[in-house]
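Working notes, structure below.
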Amino acid sequence: SLVVGWCNWTCLDFGNIEKELAAKLSDDDIKEILLSINAADRLIRLRLTNCTNITGAGLAPLRGSSKLGQIDLSLAAKHQSPILDQEPALSREHVLPILDTIIQNGGAKLRYLQLPHAWRENRSTDSEFHAAIVRYKELANSRGDFCCHECSIHIRYDDYDDVSCDDEYAAEVNTCYDCMKSYCNIHEGVCKCRACEKCLCKTCSQVDFYYCCENSYCGACKAVHHCEDCGSFCDDCKITCENCNRISCQNCFEFGEEACAGYNCGVCRRTLCVDCVPMQACDYFECEKKMCAECADAEKGGVDVVHSCVDYCDASLCNSHRLSNASKGILSVMNVSDFFMSLSRVMSNCLRK
4 SLVVGWCNWT CLDFGNIEKE LAAKLSDDDI KEILLSINAA DRLIRLRLTN CTNITGAGLA
64 PLRGSSKLGQ IDLSLAAKHQ SPILDQEPAL SREHVLPILD TIIQNGGAKL RYLQLPHAWR
124 ENRSTDSEFH AAIVRYKELA NSRGDFCCHE CSIHIRYDDY DDVSCDDEYA AEVNTCYDCM
184 KSYCNIHEGV CKCRACEKCL CKTCSQVDFY YCCENSYCGA CKAVHHCEDC GSFCDDCKIT
244 CENCNRISCQ NCFEFGEEAC AGYNCGVCRR TLCVDCVPMQ ACDYFECEKK MCAECADAEK
304 GGVDVVHSCV DYCDASLCNS HRLSNASKGI LSVMNVSDFF MSLSRVMSNC LRK
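Its first residue numbered 4, the sequence shown is counted upward by one per residue in this note's numbering.
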């Protein structure tokens, strides 16, 4: 026999069985399970975790349910990416009419609806999917019991049907996935992870959330690293020095914060931190070349790509931004004004001689 969920069948989570088994379940299997537990009158939470083989036709026993408070159609477990390797078999044609009967039921308790990521990607205000989103928004905004857990202010889904809102279109942003408590924007009791696209409150998350790449993440979805200057950063922003294995964040790496600044050598192509291998850069105002001291120092057998004009302008310039004077050695220029200043110095020296 198939045992799924807990709490006397008020919650049905297919993430509680083996992933391989859940992926083999058909619509007939789902329908039989829902009928056997009288889901329309008893089920409060439904999570179709890993049920990638169903079209949604098997959800028919849920029509008109007045008990359902949470429906998770993402097919992904908590702390797992909802971006699937293959297009889900879950069909709008089968699922949306069933959702409509739940939304249109005046006694509906639905307050957490997570839709497949693929459905939210293709956005059109003329689609039946968008029309269903609008109806759900109107339901949420009309319910007097959808209030903040802290201050009891009514929570509105103002951006839920806005196709230009990447993170909020057809997405939950105010209600915790686990405890189902909702919070207003002032109290910010929940945080939405960009990786798993689920909202969790501080009590239920059990891990710290952090802000990086203009998005928030929970530590269980993406490894978190700490920077003395900018706080925390994710694995995607991690830079590792190839000489000492020191980890830097991308932001400080690019903008030169002292705590973890680094650079990519334009010659040997290594990624290095400034504390490990000193950096030399071309001073020309339009040049972005950076190179390690080992490549720039000609006396150590390097590539000789940076030259210091110690006699005249004190600039360090790469080969493509320097001028050589055959009789006087190296003359460096950064721009037109520096050129004439350096030329004036050379002429004065010649006159004195």
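We treat Cβ as the ideally placed atom computed from N, Cα and C, and that holds for glycine. Given the structure is predicted, the values throughout are model-derived calculations rather than measurements.
Quiz item: What do you reckon, are the CB atoms on Phe50 and Gln73 nearer than 9 Å?
Solution: Residue numbering aside, residue 50 sits at position 47 when the sequence shown is read from its first letter. Residue numbering aside, residue 73 sits at position 70 when the sequence shown is read from its first letter. For the record, residue 50 in the displayed sequence is Arg; it is not Phe. In contact: Arg50 and Gln73 (Cβ atoms closer than 9 Å).
Quiz prompt | Contact set for Leu46: own chain, Cβ-Cβ below 8 Å, skip 5 residues either direction | solution = To locate residue 46, count along the sequence shown from 1; it is residue 43. Correct list, in chain order: Trp12, Thr13, Cys14, Leu15, Leu37, Ile40, Leu65, Ser68, Lys70, Leu71.
Self-check item: Check whether Ser185 and Thr178 have beta carbons under 9 Å apart
Solution: Indexing the sequence shown from 1 puts residue 185 at position 182. Indexing the sequence shown from 1 puts residue 178 at position 175. Cβ distance < 9 Å, so Ser185 and Thr178 count as in contact.
Quiz item: Rounded to the nearest angstrom, how far is the Cβ of Val277 from that of Gly265, given a contact under 8 Å?
Solution: Position 274 of the sequence shown, counted from the start, is the residue given in the question as residue 277. Position 262 of the sequence shown, counted from the start, is the residue given in the question as residue 265. Their Cβ separation, rounded to whole angstroms, is 6 Å, which keeps Val277 and Gly265 in contact under 8 Å.
Self-check item: DSSP three-state assignment for Phe17, whether helix, strand or coil
Solution: On the sequence shown, residue 17 is found 14 positions in, with the first residue counted as 1. Helix at Phe17.
Quiz item: Closest by CA to Ala143, which one among Ser94, His190, Gln107, Cys215?
Solution: Stepping through the sequence shown from its first residue, residue 143 is reached at position 140. Cα-wise, what sits closest to Ala143 is Gln107.
Quiz item: Can you find a heavy atom of the ligand PLP that lies under 8 Å from the Cβ of Ile57?
Solution: Within the structure as shown, the ligand PLP is missing, as the structure has no ligands at all.
Exercise. Select from Asp169, Ser208, Asp164, Ile156 the residue whose C-alpha is nearest the C-alpha of Tyr180.
Key: Here residue 180 corresponds to residue number 177 of the sequence shown, with the count starting at 1. Closest by alpha carbon: Ser208.
Quiz item: Span of the beta strand (DSSP E) holding Tyr186?
Solution: Walking along the sequence shown from the start, residue 186 turns up at place 183. Here Tyr186 belongs to no beta strand (DSSP E), and DSSP marks it neither H nor E.
Self-check item: Inter-residue CB distance, Ala29 and Ile57 (contact presumed, cutoff 8 Å)
Solution: Looking up residue 29 in the sequence shown gives position 26. Looking up residue 57 in the sequence shown gives position 54. The identity of residue 29 in the sequence shown is Ser, whereas the question assumes Ala. The Cβ separation is near 7 Å, so the contact holds.
Practice problem: Compute the distance between the beta-carbons of Lys205 and Gly192, then report whether it is under 9 Å. | Solution: To locate residue 205, count along the sequence shown from 1; it is residue 202. To locate residue 192, count along the sequence shown from 1; it is residue 189. Contact flag set, yes.
Practice problem: For Ile36, name the three-state secondary structure that DSSP assigns. | Solution: Stepping through the sequence shown from its first residue, residue 36 is reached at position 33. If DSSP states are grouped into helix, strand and coil, Ile36 belongs with the helices.
Quiz item: If we call anything under 9 Å between Cβ atoms a contact, is Cys116 one with Leu102?
Solution: Translated into the one-based positions of the sequence shown, residue 116 becomes position 113. Translated into the one-based positions of the sequence shown, residue 102 becomes position 99. Here residue 116 turns out to be Leu, not Cys, going by the sequence shown. For Leu116 and Leu102, yes; Cβs fall inside 9 Å.
Quiz item: Near Val137, which residues of its chain fall below 8 Å by C-beta distance, leaving aside the five closest residues on each side in sequence?
Solution: One-based indexing of the sequence shown puts residue 137 at position 134. Counting only Cβ-Cβ distances below 8 Å, and skipping sequence neighbours, we find Asp164.
Quiz prompt | Asn267 - DSSP class collapsed to helix/strand/coil | solution = What you label residue 267 is simply residue 264 of the sequence shown in a count that begins at 1. DSSP places Asn267 in strand when its eight states are reduced to three.
Quiz item: Does DSSP put His82 in a helix, a strand or coil?
Solution: Residue mapping note: residue 82 aligns to position 79 of the sequence shown, counting from 1. If DSSP states are grouped into helix, strand and coil, His82 belongs with coil.
Quiz prompt | Cβ shell of Arg95 (< 6 Å), same chain only, five flanking positions each side left out | solution = Here residue 95 refers to the residue found at position 92 when the sequence shown is read from its first residue. So the qualifying residues of the chain are Phe132.
Quiz item: Which residues in the same chain have their Cβ closer than 6 Å to the Cβ of Pro85, if we skip the five residues on either side of it in sequence?
Solution: As a working mapping, residue 85 is identified with position 82 in the sequence shown. Excluding sequence neighbours, Pro85 sits near Ser77, Ala79, His120, Glu200.
Quiz item: When the Cα atoms are used, what is the spatial distance from Asp129 to Asp44?
Solution: As a first step, residue 129 must be located in the sequence shown, where it is residue number 126. As a first step, residue 44 must be located in the sequence shown, where it is residue number 41. Straight-line Cα distance between these residues: approximately 34 Å.
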